[in-house]
Amino acid sequence: MLTRNQIRALVNEHGHDILDHEHMRIERTSYQHGCITTYAHSIRVACLAVWFADRLHLWHRVDLRSLIRAALLHDYFLYDWHDWDDGDHRLHGFTHGRTALRNAMRDFRLNAIERDSIACHMFPMTPTPPSYLEGYLVTMADKVSATRETVSLKRFNRPKLARR
Ligand SMILES: [Fe+2]
Ligand SMILES: [Fe+2]
C-alpha cells in the first residue's frame with residue numbers, strides 16, 4: 001500500500017511539468033473552496049485519486065500517469081470562479097470542465113483518457129459520464145475533496161491572496 005509521501009512523489013513525478021507551468025500561477029492565486037486554492041485542490045484530488053486506485057487494488061486497470069495528469073488538470077479553467085459571470089455561479093458548474101479541457105489541450109499533449117476525464121469530471125451534474133475508470137476516480141476524488149474543503153472551519157479565516 002502506498003504511503004502519503006509515496007503518493008505525493010508519484011504526483012510530482014508524473015505531473016511536474018503541469019505543476020510548474022506558468023498558467024498555474026492563476027490557480028495559485030484563486031480560491032476554489034473555503035481557504036483552498038485551485039492549485040492546492042488539484043494536488044489533493046490527484047493524491048486522493050491515486051489513493052483510491054491503490055486501496056481499491058485497481059492498478060491492473062488504471063493508467064497511473066493519465067490518472068494523475070487528468071486530476072491535476074480537471075479544474076484548469078484559469079479564472080477565479082467567484083468573480084466570473086457577475087457572481088452568478090450557476091453556469092460555472094456546467095461549463096468549466098469543457099473550459100479546463102480547452103486550456104489543457106492548448107498547453108499540454110493529452111491522451112484520450114486525460115481528455116475524457118477532464119471534460120466529464122462534473123458528472124452527474126453534467127449529463128455525460130466518464131468513459132474510463134480513471135475519470136470515475138477523478139470525479140470521486142473531486143467530490144470528496146470539494147466537500148471536505150467546503151465544510152472545513154478553516155474557511156472562515158482565509159488569507160488574502162496576492163493577485164498576479
Ligand atoms: Fe471542477
Ligand atoms: Fe475540482
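Number 12 in full-length UniProt numbering belongs to position 12 of the sequence shown; there are no gaps in the numbering. The beta-carbon is built from N, C-alpha and C at its ideal position, and this holds for glycine as well.
Under the rule that 16 or more other beta-carbon atoms within 10 Å means buried, what is residue 204, buried or exposed?
With the chain covering 1 to 164 only, the question about residue 204 has no answer from this structure.
What span of residues does the alpha helix (DSSP H) with tyrosine 39 cover, start to end?
On the sequence shown, residue 39 is found 39 positions in, with the first residue counted as 1. Element bounds for tyrosine 39: 38-55.
Among Arg44, Val50, Asp83, Leu72, nearest to serine 145 - alpha-carbon criterion:
Here the question's residue 145 lines up with position 145 in the sequence shown. Measuring from the Cα of serine 145, the nearest candidate turns out to be Arg44.
Cutting at 7 Å between CB atoms, please list the residues of its own chain near isoleucine 7, excluding the five before and the five after it.
As a first step, residue 7 must be located in the sequence shown, where it is residue number 7. Counting only Cβ-Cβ distances below 7 Å, and skipping sequence neighbours, we find Cys47, Val50, Trp51.
Ligand 3 heavy atoms versus the CB of aspartate 75: any closer than 6 Å?
As far as ligands go, the structure on display features ligand 1 and ligand 2 and does not contain ligand 3.
Relative to the alpha-carbon of arginine 115, which residue among Met1, Leu133, Asn157 has its alpha-carbon at the smallest distance?
Here residue 115 refers to the residue found at position 115 of the sequence shown. Taking arginine 115 as reference, the option from Met1, Leu133, Asn157 with the minimal CA-CA separation is Leu133.
According to DSSP, is glycine 14 helix, strand or coil?
The residue labelled residue 14 in the question sits at position 14 within the sequence shown. It should be noted that the sequence gives histidine, not glycine, for residue 14. Helix at histidine 14.
List the whole-angstrom C-beta distance separating proline 127 from threonine 139, where the pair is believed to meet the contact cut-off of C-beta under 8 Å.
By 1-based counting over the sequence shown, the position of residue 127 is 127. By 1-based counting over the sequence shown, the position of residue 139 is 139. The Cβ separation is near 13 Å, so there is no contact.
For threonine 38, which residues in the same chain have their Cβ closer than 7 Å to its Cβ, ignoring the five residues on either side in sequence?
Taking the sequence shown and counting its residues from 1, the one referred to as residue 38 is at position 38. Hits under 7 Å: Glu27, Ser30, Gln32, Asp75.
If the criterion is Cβ atoms closer than 7 Å, does the pair isoleucine 18 and serine 66 meet it?
By 1-based counting over the sequence shown, the position of residue 18 is 18. By 1-based counting over the sequence shown, the position of residue 66 is 66. No. Outside cutoff.
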